[in-house]
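**Q**
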Amino acid sequence: MRRGFKTEAKSLALELRAEIGLDAHAPFDPYAFASEYGIPVVQLSDLDGVARDHFLRADGSALSGALIPNGSGVVILENDAQTLTRRRTTMCHELAHVVLEHQFGVSLSDERKCGLGGDQEAEADWLSGEMLIPNDGAFRLARANATDEQAAHAYDVSLAIARWRMNHSGARKVMQRVRARRA
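Here the sequence shown is numbered in full-length UniProt numbering, starting from 1 and rising by one per residue.
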């Protein structure tokens, strides 16, 4: 990941949220965002054929989502057999690639693995995390001493994503130091 990207992602995520009328303390709606940007979302269950049956699995071992070039734009293919929290994470990841104007062929998101790799993958992961639980939101939750479960519920994300954002945002460590100084 390029130097300074995490700081840029904090601001960018807040700007992206504002574009659909959200502040740092509301769950992000990737479907509203995709609609705002004119990015079609195709449900895997709407397709026909053997490939659909192979990929349409809730466990995500075959396919979570795909960003597919379509003329001068893109289409997001989504595995709608997965839980909504998983689908929202996949959508944010794919949308982050679009917003960051990453160059790609066909990118498959599968259990946090993507066809792009390298810095582009790390940047999409980080920005999607900031979109889902912004740094400001993580700090607010940490100040309130929220559990990972409460964070997941507040932002409509999986427990794994809530735990990752609360830990990697630094919010918990900062609040632990503040509380230790006060004690």
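Just so you know, even glycine gets a beta-carbon here, dropped at the ideal spot from N, CA and C.
From a predicted model like this one, the values you see are computed outputs, not experimental measurements.
#1: Suppose you measure from the CA of Gly49 to the CA of Ala34; what does that come to, to the nearest Å?
#2: Taking the alpha carbon of Ile76 as the reference point, which residue from Gln82, Val99, Gln43 has its own alpha carbon closest?
#3: Counting only runs that start and end within the region 3–36, where is the alpha helix (DSSP H) found for 4 or more residues in a row?
#4: Can you say whether Gly38 is buried or exposed, counting buried as having 16 or more other CB atoms within 10 angstroms of its CB?
#5: On the DSSP bridge list, what partners appear for Gln43?
#6: Taking the C-alpha atoms as reference points, what is the distance between Gly73 and His97?
#7: Name the two residues that bound the continuous alpha helix (DSSP H) containing Leu100.
#8: Quick one: give me the first and last residue of the beta strand (DSSP E) that Leu127 is part of.
#9: State the Cα-Cα distance for the pair Leu141 and Ala151, rounded to the nearest angstrom.
#10: Take the Cβ of Ser11 as the centre, count every other Cβ of all protein chains shown within 10 Å, and call the residue buried at 16 or more, exposed below.
#11: Closest to Thr85 by C-alpha separation, out of Asn135, Ser128, Asp119, would be which residue?
#12: Check Gly73 in the structure and name its three-state DSSP category.
#13: Skipping 5 residues on each side, what residues in its chain have a beta carbon closer than 6 Å to that of Arg165?
#14: Following the continuous alpha helix (DSSP H) through Leu159, name the residue where it begins and the one where it ends.
**A** Quick look at the numbers:
#1: 26 Å
#2: For Ile76, the nearest C-alpha among the options comes from Gln43.
#3: 5–19, 30–36
#4: exposed
#5: Glu78
#6: 12 Å
#7: Leu100 -> no alpha helix (DSSP H), and no H or E assigned at all.
#8: Here Leu127 belongs to no beta strand (DSSP E); instead the alpha helix (DSSP H) covers 118–132.
#9: 7 Å
#10: Result: exposed.
#11: Ser128
#12: strand
#13: Gly129, Ile133, Ala138
#14: 159–168
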